[in-house]
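Here the structure comes first, spelled out in structure tokens, and everything after it is commentary.
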Amino acid sequence: MGENTLTEKLAGFVCDVEYRDIPEKAITKAKQCILDCFGAAIAGSAEPIRKPIAGYLRRVPGRDDATVIGLGVKASVPQAAFANGVFGHVLDYDDTNQMFVGHGTVVILPAILAICEAAGLSGEDALTAYMVGTEVQWKLGDALVTSGNHYAKGWHSTGTIGTLGATAAAGKLLGLDVDQMTNALGIAASEAGGFQEQFGTHCKSFHAGRANENGINAALLAEEGLTSSRTALDGRLGYLKVSTDRYDLGKVSGLGDPWGIMEPTVARGINLKMYPICGGGVGGVEGILSLVEKHDLEPEVVESIECHLRPKYSELLMYHDPVTGLEAKFSMEYWMARAILDRRLGLPQFTEEKIRDPRSRELVKRVMLVPDPEMEYPSSKVRVIVKTRNGRSFDTVYFPPKGTPENPMTEKELIEKYRECAEWSGLTKNNTEESMKLIMGLEKLEDVGVLMRAIR
Numbered sequence: 008m009g010e011n012t013l014t015e016k017l018a019g020f021v022c023d024v025e026y027r028d029i030p031e032k033a034i035t036k037a038k039q040c041i042l043d044c045f046g047a048a049i050a051g052s053a054e055p056i057r058k059p060i061a062g063y064l065r066r067v068p069g070r071d072d073a074t075v076i077g078l079g080v081k082a083s084v085p086q087a088a089f090a091n092g093v094f095g096h097v098l099d100y101d102d103t104n105q106m107f108v109g110h111g112t113v114v115i116l117p118a119i120l121a122i123c124e125a126a127g128l129s130g131e132d133a134l135t136a137y138m139v140g141t142e143v144q145w146k147l148g149d150a151l152v153t154s155g156n157h158y159a160k161g162w163h164s165t166g167t168i169g170t171l172g173a174t175a176a177a178g179k180l181l182g183l184d185v186d187q188m189t190n191a192l193g194i195a196a197s198e199a200g201g202f203q204e205q206f207g208t209h210c211k212s213f214h215a216g217r218a219n220e221n222g223i224n225a226a227l228l229a230e231e232g233l234t235s236s237r238t239a240l241d242g243r244l245g246y247l248k249v250s251t252d253r254y255d256l257g258k259v260s261g262l263g264d265p266w267g268i269m270e271p272t273v274a275r276g277i278n279l280k281m282y283p284i285c286g287g288g289v290g291g292v293e294g295i296l297s298l299v300e301k302h303d304l305e306p307e308v309v310e311s312i313e314c315h316l317r318p319k320y321s322e323l324l325m326y327h328d329p330v331t332g333l334e335a336k337f338s339m340e341y342w343m344a345r346a347i348l349d350r351r352l353g354l355p356q357f358t359e360e361k362i363r364d365p366r367s368r369e370l371v372k373r374v375m376l377v378p379d380p381e382m383e384y385p386s387s388k389v390r391v392i393v394k395t396r397n398g399r400s401f402d403t404v405y406f407p408p409k410g411t412p413e414n415p416m417t418e419k420e421l422i423e424k425y426r427e428c429a430e431w432s433g434l435t436k437n438n439t440e441e442s443m444k445l446i447m448g449l450e451k452l453e454d455v456g457v458l459m460r461a462i463r
């Protein structure tokens, strides 16, 4: 690490990066991720969580500087970022990254949009902030999660590491100098939180919203002169030591070389989602859908289904007989049942009506999760074994899943997903197409506020 602490090293990187330093391919990838997350937030704003978030915003009035997606109102920059972060994550339809086992875009994009809209900043500003925010997450994830046990201890990295990514993005947009950025990251370390027991509840998406809000607040406080320890991250009693038993600081090197979102594998790159479910076992969905299509499987002929998956994810997929849509996002048993019944698994499959369907509740009982060390990594690798009542058996390991770097979504699939999300929320066709056009040309946009007005 040389003379600089980890906190100082990250701060220096964030402050040094300029738009012109970022490869064109990385910008293209960033815009795809932004479009994907923006769509998820539009759809999420129509979910039941809309009511408590809208009520909360009414009770904590502030400046009307930034758009809250789907509510037709504005709020203060931190509050808008919080609400949009919640909406962006509640459907679990946003991208993931296995380096820190978290959701990389949803914890920084709402903060970026809110600051840019309030300050009249450009698309280039937004993309630069996006790149430094995700890069901080990637490298910290490599040190704490891939090379450590931060996530294994139960932390929800989306909320913890995501807070530091949001701070980097916010600080970049505010133009903090290295000393201020160092303080901002230290302040953020004192705010970073969230744990996995909350999965299947509103509080999981609350973690994403709070990461955005905390990141903005940390950057604002640092800009005003609030100080923190320069060893807040890697000190003797710093965040790394407190939040994990082991880590590897050597992994926080080569910042921007390569850029994390350009990593070419499931294990290290960014993974978009074809299904609104926990990313840990998404390969199982494609596995069962491939078997259903290949063998024309009907529910009544299925005797049993075994799903062999990474042991850690058999713990996270904790709802074996879900009763709500949020619980069903963490139930591989439900995914298997619904996929066989409907031959797809999209937003309509997670309504309360679908969850209560007696056919799926009965079929869920025939599915068994099998923790399998051979599926240890990457986490989305799942072996699906279907046994039928006439004695036949079908077996597949569908890998890599659609949306991963090795099996990317096509532009058509990405656009179809965005339109699906927009339609789910009731956004007009004109607003849908205009907002999509603005995001795909984001680097040309002089004022990000134009994008936010397009969906308001």
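So the sequence shown is numbered by the working numbering: it starts at 8 and just counts up by one.
Heads up, the beta-carbon is just placed ideally off N, CA and C, and yes, glycines get one too.
The model shown is predicted, which means the values in this text are computed figures rather than measured ones.
- Around the beta carbon of residue 93, 16 or more other beta carbons lie within 10 angstroms, which makes this residue buried.
- Looking from the CA of residue 235, the closest CA among 256, 217, 197 belongs to 197.
- Between the segment 220-228 and the segment 181-200 there are three or more inter-stretch CB-CB distances shorter than 8 Å, so the stretches are counted as touching.
- Counting C-beta pairs closer than 8 Å gives fewer than three between the segment 239-259 and the segment 296-309, which falls short of the contact rule.
- In the three-state scheme derived from DSSP, where H, G and I count as helix and E and B as strand, residue 390 is classed as strand.
- Distance from the CA atom of residue 78 to the CA atom of residue 28, rounded to whole angstroms, is 37 Å.
- Remark: C-beta atoms of residue 178 and residue 141 do not approach each other more closely than 8 Å.
- Counting C-beta pairs with one atom in each stretch, the segment 93-102 and the segment 125-132 have fewer than three that are closer than 8 Å, which means they do not touch.
- With contacts defined by Cβ atoms closer than 8 Å, residue 206 and residue 147 do not form a contacting pair.
- Scanning 228, 209, 116, 161 for the CA closest to the CA of residue 173 turns up 116.
- Taken through DSSP and simplified to helix, strand or coil, residue 259 comes out as coil.
- Using a Cβ distance threshold of 8 Å, residue 387 and residue 286 count as a contacting pair.
- DSSP, reduced to helix, strand and coil, places residue 167 within a helical segment of the structure shown.
- Taking every protein chain shown into account, the CB of residue 444 has fewer than 16 other CB atoms within 10 angstroms, so this residue is exposed.
- Every unbroken stretch of the alpha helix (DSSP H) spanning 4 or more residues and falling wholly within the segment 314-398 is given here in chain order: 318-323, 332-335, 339-349, 359-363, 365-371.
- The way I'd put it, the segment 61-72 doesn't touch the segment 36-53; fewer than three beta-carbon pairs between them come closer than 8 Å.
- When the Cα atoms are used, residue 357 and residue 453 turn out to be separated by approximately 38 Å.
- In this chain, residue 234 is not harboured by any alpha helix (DSSP H), its DSSP state being neither H nor E.
- Taking each of 191, 418, 299, 185 in turn and checking the Cα distance to residue 405, the smallest one comes out for 299.
- The segment 318-332 makes no contact with the segment 259-273: fewer than 3 CB pairs, one atom from each, lie closer than 8 Å.
- Counting only residues of its own chain and dropping the five nearest sequence neighbours on each side, residue 345 has a CB closer than 7 Å to the CB of 352, 356, 361, 367.
- Boundaries around residue 143 are those of the alpha helix (DSSP H), 130-148, since no beta strand (DSSP E) includes it.
- Per DSSP, the unbroken beta strand (DSSP E) holding residue 400 starts and ends at 400-404.
- Judged by beta-carbon spacing, residue 425 lies within the 8 Å limit of residue 42, meaning their Cβ atoms are closer than that value.
- For residue 81, no alpha helix (DSSP H) segment is defined; the enclosing uninterrupted segment is the beta strand (DSSP E) at 80-82.
- Per DSSP, reduced to three states, the secondary structure at residue 103 is strand.
- In the structure shown, residue 74 falls within a strand segment according to DSSP collapsed to helix, strand and coil.
- Residue pairing by DSSP puts residue 162 in a beta bridge opposite 202.
- In this structure, residue 226 lies away from residue 21, with their beta-carbon atoms at least 8 Å apart.
- Under the 10 Å beta carbon count, residue 418 is surrounded by fewer than 16 other beta carbons and is classified as exposed.
- For residue 317, the number of other beta carbons within 10 angstroms of its own is at least 16, and it is reported as buried.
- Secondary structure note for residue 44: its alpha helix (DSSP H) is the uninterrupted segment 31-51.
- Secondary structure at residue 446: helix, using DSSP grouped into helix, strand and coil.
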